[in-house]
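For the sequence shown, position 20 matches number 20 in UniProt numbering, and the numbering has no gaps at all.
A virtual CB, placed ideally from N, CA and C, is assigned to each residue, including glycine.
Read through the structure below, which is laid out as structure tokens, and then see the notes.
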Amino acid sequence: MIPKRPAFVVTKLLSTGWDLPLLIASVALPCGLDNLARTHAAAAFQPPSDMTELETELARLIIDELEIAELRLEDISAATPLYGEGFGLDSIDILEIALLVSRKYGVELRSDNPDNKTIFASLGSLANYLAEHRTR
Numbered sequence: 001m002i003p004k005r006p007a008f009v010v011t012k013l014l015s016t017g018w019d020l021p022l023l024i025a026s027v028a029l030p031c032g033l034d035n036l037a038r039t040h041a042a043a044a045f046q047p048p049s050d051m052t053e054l055e056t057e058l059a060r061l062i063i064d065e066l067e068i069a070e071l072r073l074e075d076i077s078a079a080t081p082l083y084g085e086g087f088g089l090d091s092i093d094i095l096e097i098a099l100l101v102s103r104k105y106g107v108e109l110r111s112d113n114p115d116n117k118t119i120f121a122s123l124g125s126l127a128n129y130l131a132e133h134r135t136r
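Here it is, written out as structure tokens:
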């Protein structure tokens with residue numbers, strides 16, 4: 001007789017650097033395929049490979065804070081424009097992002113900065129600016 005075990009057991013709680021921890025689960029599978037389940041669970045929560053950690057963090061911040069439900073992280077890249085197509089932000093949204101970024105990263109983004117068009121052109125350009133000027 002094969003001993004019974006729960007169909008779903010949380011085996012690990014990992015820190016991912018994101019706001020939420022990653023749960024790695026063990027699913028009762030035949031032939032000892034538990035490792036396969038853990039591998040696929042971890043792969044499902046990886047950020048897009050072409051984005052840096054800061055770009056991924058910024059994308060999540062923008063999506064969450066501005067409640068952009070129709071945009072998925074998988075559909076975003078560093079080249080995704082912040083205005084119009086892409087994130088679909090307007091000037092009010094950009095002001096909100098500037099305030100969030102100022103508080104979170106210690107970077108002052110002023111509305112009279114002549115480089116704002118370049119800084120806010122895409123997710124990658126904003127991330128590059130923050131990487132160079134952040135104090136937190």
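Member of Met51, Ile68, Glu85 whose CA lies at the smallest distance from the CA of Ala121 = Glu85
Span of the alpha helix (DSSP H) around Ser111 | Secondary structure note for Ser111: it is in no alpha helix (DSSP H), with a DSSP letter that is neither H nor E.
Hey, how far is the Cα of Glu55 from the Cα of Ile76?
-> 10 angstroms
Three-state class that DSSP yields for Leu89 in the structure shown | strand
Give me the Cα-Cα distance between Glu74 and Ile97, rounded to the nearest whole angstrom.
-> 21 angstroms
With distances taken between CB atoms, is the gap from Leu123 to Ala59 smaller than 9 angstroms?
-> yes
Whole angstroms is fine: what's the gap from Tyr105's alpha carbon to Leu71's?
-> 24 angstroms
In the structure shown, what three-state DSSP assignment does Leu130 receive?
-> Annotated three-state conformation of Leu130 is helix, per DSSP.
Straight-line gap, Ser111 to Thr118 (C-alpha atoms, nearest Å) = Near 13 angstroms, if we compare the C-alpha coordinates of Thr118 and Ser111.
Just mark Leu95 as buried or exposed, buried being the case when its beta carbon has 16 or more other beta carbons within 10 Å.
-> exposed
Buried or exposed (CB count within 10 angstroms, at least 16 for buried), Glu92 | Checking the sequence, you will find Ile at residue 92 rather than Glu. Exposed, since its Cβ has fewer than 16 Cβ neighbours within 10 Å.
Buried or exposed: where does Met51 fall if 16 or more other Cβ atoms within 10 Å of its Cβ makes it buried?
-> buried
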